[in-house]
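Structure record follows, encoded as structure tokens.
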Amino acid sequence: MKKAQRLEGIEMSLIRQINALATPLSTNLGIGEPNIEPDETLRDFARRAAATGSWHYTPNAGSPALRKLLAAGTPFDPKSEICVTAGTQEGLFAIFQAFVDPGDEVLVPNPGFVSYATLARLAGATPVAYDLEPPEWRLTADAVLSKITPRTKLIVVNSPSNPLGAVVGEETLKAIADAGPLVVADEIYREIWYDAPPPTMRGMSDNVIVVDGMSKSHSMTGLRLGWVMAREALMKPIVTAHQYVATCASSFSQSLAELILADAAWNAGWLERVRAQFRDQREAALYSIERELEAKVPPPAGAFYAFAPVPTCDTLFLAKALATDAAVLVIPGVAFGALGEGFVRISFAASVEQIGTGIERMGRYLRALGR
Ligand SMILES: Cc1ncc(COP(=O)(O)O)c(C=O)c1O
Numbered sequence: 000m001k002k003a004q005r006l007e008g009i010e011m012s013l014i015r016q017i018n019a020l021a022t023p024l025s026t027n028l029g030i031g032e033p034n035i036e037p038d039e040t041l042r043d044f045a046r047r048a049a050a051t052g053s054w055h056y057t058p059n060a061g062s063p064a065l066r067k068l069l070a071a072g073t074p075f076d077p078k079s080e081i082c083v084t085a086g087t088q089e090g091l092f093a094i095f096q097a098f099v100d101p102g103d104e105v106l107v108p109n110p111g112f113v114s115y116a117t118l119a120r121l122a123g124a125t126p127v128a129y130d131l132e133p134p135e136w137r138l139t140a141d142a143v144l145s146k147i148t149p150r151t152k153l154i155v156v157n158s159p160s161n162p163l164g165a166v167v168g169e170e171t172l173k174a175i176a177d178a179g180p181l182v183v184a185d186e187i188y189r190e191i192w193y194d195a196p197p198p199t200m201r202g203m204s205d206n207v208i209v210v211d212g213m214s215k216s217h218s219m220t221g222l223r224l225g226w227v228m229a230r231e232a233l234m235k236p237i238v239t240a241h242q243y244v245a246t247c248a249s250s251f252s253q254s255l256a257e258l259i260l261a262d263a264a265w266n267a268g269w270l271e272r273v274r275a276q277f278r279d280q281r282e283a284a285l286y287s288i289e290r291e292l293e294a295k296v297p298p299p300a301g302a303f304y305a306f307a308p309v310p311t312c313d314t315l316f317l318a319k320a321l322a323t324d325a326a327v328l329v330i331p332g333v334a335f336g337a338l339g340e341g342f343v344r345i346s347f348a349a350s351v352e353q354i355g356t357g358i359e360r361m362g363r364y365l366r367a368l369g370r
């Protein structure tokens, strides 16, 4: 059976391919999810959600009570401007299906999260990369605006960034919000920051669609809980697309999210603890990278990734060799776009011991190669 043409050239992401090389002896620094276990309160919320929450369909856009909690403190109307989705990924899929046509162009970050270009291709459009430059990976408005053509339908912005950990400045975000095309702001790492909360694109212009979720902030990757925020006129086609992908997000996960957000004091404390743990792990990663890889990486301002330079021009080959010969998993930078070649993404969503061991194994392997 021949697969549909829209899947021609679309494979499982390189991240999945590298993670598939894991063995019980591997140290996994390729992972994109928090190494944080739910505490007793979070488990209790889950028990309560299971015991008392409804297991029926919710409205397509999500339970009204959860939408109200999500909208608090934002300019969005919970009745018509919030849609709860089965993870941020499903939200992104619905947005692309709602707005992107064959022949359109979608501006995506390079290096950037792998899904954006794939979602553009699945919708029949052409992804057009805008560049972030090493070593700081600072984004300038001009890098994005200079790529806009009459065919540009969407601009995707991801801050804090996977894989760079870089945060985009407020002025740059504002210039992009006002540039004309629709903007998708992927703010899934918004709560994971180190020195100061990153600026948000929420409410920056009526053109901005914000996607967010609980996978990273609450270590809930498997519960598939995300949301989209946009002005009503933009939201209508998004909810229509979402209806035909997911119907609604899991009602259990929605009940759990509702209990989390309703307890604002606990939630604030949880997020502080998450950031404190990642701060320690970031420090361990930067220390080992400098010592073992003899590389200085600008401290990521958010998310839990360090994008480290390595002395090779084929990082896919290197990442596979590290997985099979050195028992350490990292993601080749080229998985995130051409500008990622020469770098690997080291996730520090791992214990301080694993970070030390994994980067030491990398260092030993690279030193042996250099001999
Ligand atoms: C930048 C970015 N956006 C979206 C997602 C998807 O997250 P979710 O689990 O909410 O679908 C990820 C997951 O790694 C991510 O890194």
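Anchor point for the sequence shown: position 245 equals 244 in the numbering used here, and the numbering is continuous, going up by one each time. Here a beta-carbon is modelled for each residue, glycine too, at the ideal position from N, C-alpha and C. In this text, all values refer to a predicted model and were calculated from it rather than measured experimentally.
Using CA atoms only, rank isn't needed, just tell me which of Ala348, Ala263, Val244 is closest to Gly164. Locating residue 164 in the sequence shown gives position 165, where the first residue counts as 1. Measuring C-alpha to C-alpha distances from Gly164 to each of Ala348, Ala263, Val244 identifies Ala348 as the nearest.
Going by other Cβ atoms of all chains shown within 10 Å of its Cβ, with 16 needed for buried, is Pro197 buried or exposed? As a working note, residue 197 is residue 198 in the sequence shown. It counts as buried.
Ligand 1 heavy atoms versus the CB of Ser216: any closer than 7 Å? Residue mapping note: residue 216 aligns to position 217 of the sequence shown, counting from 1. Outside the cutoff, so no.
For a quick check, are the C-beta atoms of Leu131 and Leu153 less than 8 Å apart? What you label residue 131 is simply residue 132 of the sequence shown in a count that begins at 1. What you label residue 153 is simply residue 154 of the sequence shown in a count that begins at 1. Their beta carbons are not under 8 Å apart, which means Leu131 does not touch Leu153 by this criterion.
Pull the bridge partners of Ile208 from the DSSP assignment, please. In the sequence shown, counting from the first residue as 1, residue 208 sits at position 209. Its beta-bridge partners are Val183.
Residues of its chain near Pro236, where Cβ-Cβ distance is below 8 Å and the 5 sequence neighbours each way are ignored: Working through the sequence shown from its first residue, we reach residue 236 at position 237. Same-chain partners within the cutoff: Ala97, Phe98.
Is Asp301 buried or exposed, if buried means 16 or more other CB atoms sit within 10 Å of its CB? Sequence index remark: in the sequence shown, residue 301 carries index 302 (1-based). Going by the sequence as given, residue 301 is Gly instead of Asp. Flag for Gly301 reads buried.
Does Ser12 come within less than 8 Å of chain C when only Cβ atoms are used? Looking at the structure shown, chain C is missing, and only one protein chain is on hand.
Would you kindly work out how many angstroms separate the C-alpha atoms of Ser25 and Gly102, rounded to a whole number? Taking the first residue of the sequence shown as position 1, residue 25 is located at position 26. Taking the first residue of the sequence shown as position 1, residue 102 is located at position 103. C-alpha separation (whole angstroms): 43 Å.
What's the gap between the Cα of Val238 and the Cα of Gly123? Position 239 of the sequence shown, counting from 1, holds the residue named residue 238. Position 124 of the sequence shown, counting from 1, holds the residue named residue 123. If I take the Cα positions, the gap works out to 20 Å.
For Val227, the residue or residues it bridges with in DSSP: Walking along the sequence shown from the start, residue 227 turns up at place 228. Cys82, Val210.
How is Tyr286 classed by DSSP in three states: helix, strand or coil? Sequence index remark: in the sequence shown, residue 286 carries index 287 (1-based). Of the three classes helix, strand and coil, the one that applies to Tyr286 here is helix, per DSSP.
Closer than 7 Å: is that where the CB of Asn161 sits relative to any heavy atom of ligand 1? Start at 1 with the first residue of the sequence shown, and residue 161 comes out as number 162. Yes, since a heavy atom of ligand 1 falls inside the 7 Å radius drawn around the Cβ of Asn161.
Go to Lys152, then tell me how far its beta strand (DSSP E) extends in each direction, as first and last residue. The residue labelled residue 152 in the question sits at position 153 within the sequence shown. 151–157 is the span of the beta strand (DSSP E), which, as asked, contains Lys152.
Contact between the segment 37–44 and the segment 257–268 (3+ Cβ pairs under 8 Å): A contact between stretches requires three or more CB pairs, one per stretch, nearer than 8 Å, and the segment 37–44 meets this requirement with the segment 257–268.
Unbroken beta strand (DSSP E) runs of length 3 or more, entirely within the segment 312–345: which are they? none
Could you say which of Val207, Ser160, Leu20 lies nearest to Ala322 if we only look at CA atoms? On the sequence shown, position 323 is the one that residue 322 refers to. Taking only the C-alpha atoms, the option nearest Ala322 is Leu20.
Cβ-based neighbour list, Ser12, same chain, cut-off 6 Å, excluding 5 preceding and 5 following: Mapped onto the sequence shown, residue 12 falls at position 13. Hits under 6 Å: Val113.
For Ala326, is the classification buried or exposed, using 16 other Cβ atoms within 10 angstroms of its Cβ as the cut-off for buried? Here residue 326 corresponds to residue number 327 of the sequence shown, with the count starting at 1. By the neighbour-count rule (16 or more Cβ atoms within 10 Å), Ala326 is buried.
Arg150: which of Val127, Trp136, Glu170, Thr139 sits nearest, CA to CA? Numbered from 1 along the sequence shown, position 151 holds the residue referred to as residue 150. The shortest Cα separation from Arg150 among Val127, Trp136, Glu170, Thr139 belongs to Val127.
Compute the minimum distance between the beta carbon of Asn27 and the heavy atoms of ligand 1, and state whether it is under 7 Å. Translated into positions along the sequence shown, residue 27 becomes position 28. Not one heavy atom of ligand 1 lies closer than 7 Å to the C-beta of Asn27.
Taking Leu91 as the reference, which of Lys146, Gln4, Asp211 has the closest Cα? As a first step, residue 91 is located in the sequence shown; it is residue number 92 there, counting from the start. Here the closest residue by C-alpha is Asp211.
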